[in-house]
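A.B. asks:
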Amino acid sequence: MAVWTYRWRPPARAATAGAVLALAAGPAVLAAPAAVAPAPTSVAPAPTGGQDQGENLYRQNCASCHGDQGQGGPRGPSLIGVGAASVDFQVGTGRMPIPHEMQQPRRGEPAFSADEIAALVEHVTSFGGGGPAIPQVEPGSLPTGRELFAANCAPCHGGTGAGTELTNGWIAPPLYEATPVQVAEAIRVGPGLMPVFPSQVFTDQQVNDLTAYVQSLRSERLDRGGNPLGRLGPLAEGLVAWAVALGLLVAAARWLGRGAGE
Amino acid sequence: MIMDRLARALDDRLRLSPLTRRALAKVFPDHWSFMLGEIALYSLVALVLTGVFLTLFFDPSSADRVYHGSYAPLEGTTTSAAYASTMRLSWDVRAGLLIRQTHHWAALIFVAAILVHLVRIFFTGAFRKPREANWLVGVTMLMLALANGFTGYSMPDDLLSGLGLRIIVSVVESIPVVGSRLVSLGLGGEFPSDEMIPRLFVTHVLLVPAALVALVSVHLAMIVRQKHTQFPGPGRTEHNVVGSRLYPSYSLRSLALLAWVLAVLFALGGLVQINPVWLYGPFDPAQATSPAQPDWYVAWGDGALRLFPPWEIRLAGHLVPAPFFPGVVLGGVTFLALYAWPFLERWCTGDRRAHQLLDRPRDHPIRTGVGVTALTFFAVLVVAAGDDIIARLLRVPVYDVLNVLRVMVLVLPLLTGALAVLLARALRRSEATHLGDLTRADLRAARRPARADERTTADEPELPAPDRPGERIELWPDGEQWRWRYRNEPAGVAILGNRKAPTEREAADSARLAYPGVDHVMVPGPPPPPPHPVRAALRRWATTAIGASLLAAALRHRRRRRWGRNGPRPK
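See the structure below:
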């Protein structure tokens with residue numbers, strides 16, 4: 034089950050469609066979508082002190098939507114049984130807490146320190162219900178990981194790991210910022226529209242292999258051909274061919290023609 | 025001296041000197057837009073050179089091969105021989121990746137240059153009689169270039185290109201009655217067949233390149249035979265070509281362009297990654313990657329497939345699937361329209377005369393409007409091929425993007441086309457030389473349809489005027505031979521005839537051919553040469569040097585500042 038699927042109803046499809054038109058109109062309007070980006074979260078300072086720390090953090094940052102005991106509410110789903118991996122993933126990638134309701138929270142700087150996240154994870158797991166624990170990632174085999182990735186992950190995250198669009202404005206995010214533990218957590222938890230891959234589907238070793246391959250995708254060594262253009266594929270390459278290469282060559286032809294006194 | 029003797033020996037046996045003298049004296053127009061086709065020609069040169077290198081290492085076979093090489097994530101994986109050899113080219117052959125990437129970039133530039141060249145020919149009316157045949161040859165070459173681009177892109181047998189091949193196979197299968205038979209004829213079985221890659225290879229390195237080279241020769245031979253067109257201007261008539269001689273000035277300029285093309289292509293090949301097949305992985309019919317688009321020059325077809333609604337009809341008991349219309353019909357209509365355009369235009373305007381002088385785009389508002397409409401239409405289709413990227417970057421539902429583009433592909437071409445007609449008319453009727461000079465009154469006047477007299481004046485045949493004030497042909501002896509030049513004092517133009525003539529009469533005849541009806545005068549000797557251009561050249565070099573050093577200083581300053589901010593560079 035999706036954990037943080039706040040249903041943000043877009044005001045009107047026409048508005049989003051208008052954004053596409055705006056993009057076509059010129060790069061100046063590109064600034065407009067930035068307004069949707071989450072504002073920097075104002076996080077209440079957490080008082081130090083073992084057991085209480087997690088509870089305080091939860092009360093101040095999560096309870097207003099997820100409820101005092103994680104039972105959920107009109108604005109947020111229940112946290113009972115989501116598991117430590119899910120909490121660690123959502124908070125550790127900076128997706129939670131979110132400043133306002135949105136369809137798909139984006140990755141950002143985590144709002145809490147590692148200790149605070151650990152305390153929060155401990156507090157939420159104390160609500161009960163079980164759920165996947167934070168995986169222990171160990172070294173894996175790259176070739177096996179590549180094959181698993183191509184069969185299970187590439188259709189959404191792309192063979193290059195650049196991510197792509199899904200249905201209804203959801204995206205499968207790029208994988209370049211995820212740490213090994215976060216990759217393993219996402220596989221086990223299945224955040225957002227991502228399917229869950231429990232241990233019946235992938236053994237721990239297979240998760241390790243996948244994690245190893247996703248980490249290798251981050252490496253610049255794979256961009257040995259030069260600037261990867263965001264690894265977006267042939268249309269980005271075509272844009273460079275037209276804007277840079279053909280632009281230069283036509284300018285050269287003009288320059289050479291002008292040299293002839295034309 | 026050796027060159028001299030070699031030339032003499034060849035001339036003794038083959039009598040080359042008259043031919044060479046004629047060829048070297050051939051005149052090329054100076055306008056820069058005449059070099060656009062040369063960009064395509066030199067890209068083809070780069071393609072052939074890099075392609076030969078690639079064939080030395082590429083293994084066109086779909087046989088199983090266990091990959092062993094520098095790319096760790098594929099170590100020990102069984103892939104096709106084609107994919108494994110592409111991987112070896114990219115990771116283990118010295119300079120292999122540079123050549124492979126340069127080849128791919130050259131293909132993108134090749135088609136782009138052909139398109140820009142075609143646009144120039146179209147908007148200036150250079151396809152009109154007597155050059156319709158060369159237009160047909162050119163459009164055929166465009167089609168062959170697309171075909172070769174696609175086959176080359178599909179050969180490495182990586183996941184992304186395999187998806188593209190699957191789509192094109194499905195498009196062919198969508199042809200009613202014959203589709204599936206055509207596919208099994210072409211592939212030697214079902215997709216993906218073992219015959220596929222060898223056949224793509226033969227098409228890519230032998231059949232299409234041979235046809236391309238043959239057509240390029242025909243294209244150039246026709247240009248030599250028919251001579252170049254030129255823009256109208258003082259001293260330029262339907263009977264002459266004004267420009268630079270092939271040797272020395274034009275050949276130097278052309279070689280400079282060759283150097284530019286090679287430099288840009290190899291720079292891109294070394295600096296910008298293209299088609300990283302190791303990231304996509306080998307093709308497997310059960311797998312997919314996303315976002316996925318084809319190379320830009322077939323992206324219009326992909327965009328049309330994405331935009332076209334899923335309509336299927338039944339015709340005489342046969343199902344016509346949806347991809348038939350955007351895939352087969354659109355492609356067919358596009359190239360048919362391109363082939364037919366010169367004849368269509370002749371039929372519509374009734375203009376059957378030969379034209380050596382070009383139109384400016386404003387001279388034919390309707391043609392300009394049609395061209396802009398078509399270009400906008402295809403540009404929107406190319407954008408539509410990237411609907412997945414647009415949706416991801418904007419975080420809007422992909423179906424909304426599709427719907428917006430569906431409206432745009434129908435509305436935007438009409439708007440831009442109408443705007444082009446309006447601007448062309450306004451430019452033509454006003455004194456303005458550039459778009460920026462247009463006033464609001466010009467635009468308002470342009471809304472009226474063309475008057476009958478306007479239509480005729482543009483096509484009025486050029487008549488030799490009995491007396492043109494200020495125009496003279498000057499003839500003078502140059503050693504044993506004779507030269508002539510055209511001089512137009514009011515326009516400040518002096519044009520030297522490109523070849524010497526053995527007698528005064530022949531010189532006068534050739535001058536009369538180029539400038540009928542202009543008076544001849546004899547002058548004692550060659551006109552004084554223009555002042556030496558050393559000073560101007562020095563000034564230009566000094567400006568360039570100052571600019572370059574300023575740029576270098578700015579770059580160094582920026583780098584130092586960045587280092588200062590981040591502290592010393594980590595080891």
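Protein chains in written order, with this note's numbering: chain A, 34 to 295; chain B, 25 to 595. Where is the CB? At the ideal position from N, CA and C, for every residue including glycine.
Give me the DSSP bridge partner(s) of Val296 of chain B.
C.D. replies: Partner(s): A:Asn260.
A.B. asks: If you count every other CB in all the chains shown that lies within 10 Å of the CB of Trp371 of chain B, and 16 or more means buried, which is it?
C.D. replies: That one is exposed.
A.B. asks: Going along the chain, which residues of its own chain have a beta-carbon closer than 7 Å to the beta-carbon of Arg523 of chain B, five neighbours each way excluded?
C.D. replies: Excluding residues within five positions, the ones whose Cβ falls inside 7 Å are Ala49.
A.B. asks: Against chain D, does Arg287 of chain A count as a neighbour if the rule is that its beta carbon must be under 8 Å from one of theirs?
C.D. replies: The chain labelled as chain D is not found among the protein chains of the depicted structure, namely A and B.
A.B. asks: What is the DSSP secondary structure of Asp375 of chain B, reduced to helix, strand or coil?
C.D. replies: Three-state DSSP puts Asp375 of chain B in coil, outside helix and strand.
A.B. asks: Under the rule that 16 or more other beta-carbon atoms within 10 Å means buried, what is Phe367 of chain B, buried or exposed?
C.D. replies: Per the 10 Å Cβ criterion, exposed.
A.B. asks: Output yes if chain B places a C-beta closer than 8 Å to the C-beta of Asp94 of chain A; else output no.
C.D. replies: At residue 94 of chain A the sequence reads Asn, which differs from the Asp that was named. It does not: the Cβ of Asn94 of chain A has no partner Cβ on chain B nearer than 8 Å.
A.B. asks: Could you give the DSSP three-state label for Thr44 of chain B: helix, strand or coil?
C.D. replies: Residue state, collapsed to three classes: helix.
A.B. asks: Looking at the strands, I want to know which residues DSSP matches up with Leu60 of chain B.
C.D. replies: DSSP lists no partner for Leu60 of chain B.
A.B. asks: By the criterion of Cβ-Cβ separation under 9 Å, what are the contact partners of Tyr246 of chain A in chain B?
C.D. replies: Those are Pro97, listed as they occur along chain B.
A.B. asks: Beta-carbon separation of His127 of chain B and Thr79 of chain B under 8 Å?
C.D. replies: Taking 8 Å as the Cβ cut-off, His127 of chain B and Thr79 of chain B do not qualify as a contacting pair.
A.B. asks: Give the secondary structure of Met227 of chain A by DSSP, where H, G and I count as helix, E and B as strand, and everything else as coil.
C.D. replies: Reduced to three states, the DSSP call for Met227 of chain A is coil.
A.B. asks: Tell me the start and end of each unbroken beta strand (DSSP E) in the segment 45-129 of chain B that is at least 3 residues and wholly inside, in chain order.
C.D. replies: Counting only runs of 3 or more, we get 88-90 and 102-104.
A.B. asks: With three or more beta-carbon pairs closer than 8 Å as the criterion, would you say the segment 150-166 of chain A touches the segment 105-116 of chain A?
C.D. replies: Counting Cβ pairs under 8 Å, three or more are found: they touch.
A.B. asks: Which residues in the same chain as Ala171 of chain B place their Cβ atom closer than 7 Å to its Cβ, once the five residues preceding and following it in sequence are excluded?
C.D. replies: Within the same chain, Ala171 of chain B has close Cβ partners Val232.
A.B. asks: Smallest Cα separation from Val394 of chain B: which of B:Ser241, B:Ala525, B:Val143 and B:Val90?
C.D. replies: The option with the nearest alpha carbon to Val394 of chain B is B:Val143.
A.B. asks: With distance defined between alpha-carbon atoms, name the residue in B:Pro154, B:Met167 and B:Thr313 nearest to Leu360 of chain B.
C.D. replies: With distances taken between Cα atoms, Leu360 of chain B lies closest to B:Met167.
A.B. asks: By Cβ distance below 7 Å, which residues in the same chain neighbour Ala131 of chain B in space, the five residues on each side in sequence not counted?
C.D. replies: Around Ala131 of chain B: Leu71, Gly173 and Gly176.
A.B. asks: Exposed or buried, which one is Pro385 of chain B when buried takes at least 16 other CB atoms within 10 Å?
C.D. replies: By the neighbour-count rule (16 or more Cβ atoms within 10 Å), Pro385 of chain B is buried.
A.B. asks: In whole angstroms, what separates the C-alpha of Ala442 of chain B from that of Thr400 of chain B?
C.D. replies: Approximately 12 Å, taken between the alpha carbons.
A.B. asks: From Trp129 of chain B to Leu289 of chain B, what distance separates their C-alpha atoms?
C.D. replies: Answer to the nearest angstrom: the Cα atoms are 6 Å apart.
A.B. asks: From Val196 of chain B to Ser146 of chain A, what distance separates their C-alpha atoms?
C.D. replies: Using only the alpha carbons, I get a separation of about 58 Å.
A.B. asks: When DSSP labels each residue in this structure, what does Pro188 of chain A get in the three-state scheme?
C.D. replies: Looking at Pro188 of chain A - three-state DSSP - the assignment turns out to be helix.
A.B. asks: Is Gly257 of chain B helix, strand or coil when you go by DSSP?
C.D. replies: Note: Gly257 of chain B maps to strand in three-state DSSP.
A.B. asks: How many whole angstroms separate the CB atoms of Val222 of chain A and Pro165 of chain A, which I take to be in contact at a CB cut-off of 8 Å?
C.D. replies: Contact holds; Cβ gap of about 6 Å.
A.B. asks: Please confirm if the segment 83-96 of chain B is in contact with the segment 104-119 of chain B, defined as three or more CB-CB distances below 8 Å between the two stretches.
C.D. replies: Yes, the segment 83-96 of chain B is in contact with the segment 104-119 of chain B.
A.B. asks: Relative to the C-alpha of Ser249 of chain A, which residue among A:Thr193, A:Gly100 and A:Asp101 is closest?
C.D. replies: Comparing Cα positions, the closest option is A:Thr193.
A.B. asks: What residue does the alpha helix (DSSP H) around Met246 of chain B start on, and which one ends it?
C.D. replies: Element bounds for Met246 of chain B: Val232 to Gln250.
A.B. asks: Of all Cβ atoms in chain B, is any one closer than 8 Å to the Cβ of Glu210 of chain A?
C.D. replies: Chain B contact via Cβ: absent.
A.B. asks: Quick check on Arg32 of chain B: buried or exposed, where buried means 16 or more other Cβ atoms within 10 Å of its Cβ?
C.D. replies: The residue in question, Arg32 of chain B, is exposed, as its Cβ has fewer than 16 Cβ neighbours within 10 Å.
A.B. asks: Quick one: Cα of Ser204 of chain B to Cα of Trp335 of chain B, how far?
C.D. replies: One C-alpha to the other measures close to 20 Å.
A.B. asks: For the 8 Å Cβ check, are there 3 or more pairs between the segment 248-256 of chain B and the segment 211-224 of chain B?
C.D. replies: Contact fails: fewer than three Cβ-Cβ distances are below 8 Å.
A.B. asks: Assuming Leu382 of chain B contacts Thr253 of chain B under a Cβ cut-off of 8 Å, what Cβ separation, rounded to an integer in Å, is found between them?
C.D. replies: Rounded, the Cβ-Cβ distance is 5 Å, consistent with contact.
A.B. asks: Quick check: the Cα distance between Trp159 of chain B and Ala64 of chain B, rounded to an integer number of angstroms?
C.D. replies: Those two C-alpha atoms are separated by around 15 Å.
A.B. asks: Taking C-beta pairs closer than 8 Å, name the residues in chain B that Pro261 of chain A reaches, listed in chain order.
C.D. replies: Ordered by position in chain B, the residues that pass the 8 Å Cβ test against Pro261 of chain A are Gln297 and Pro300.
A.B. asks: Does the beta carbon of Ala77 of chain A sit closer than 8 Å to a beta carbon anywhere in chain B?
C.D. replies: Note on Ala77 of chain A: pLDDT 48, under 50, position unreliable in the model; no value is reported.
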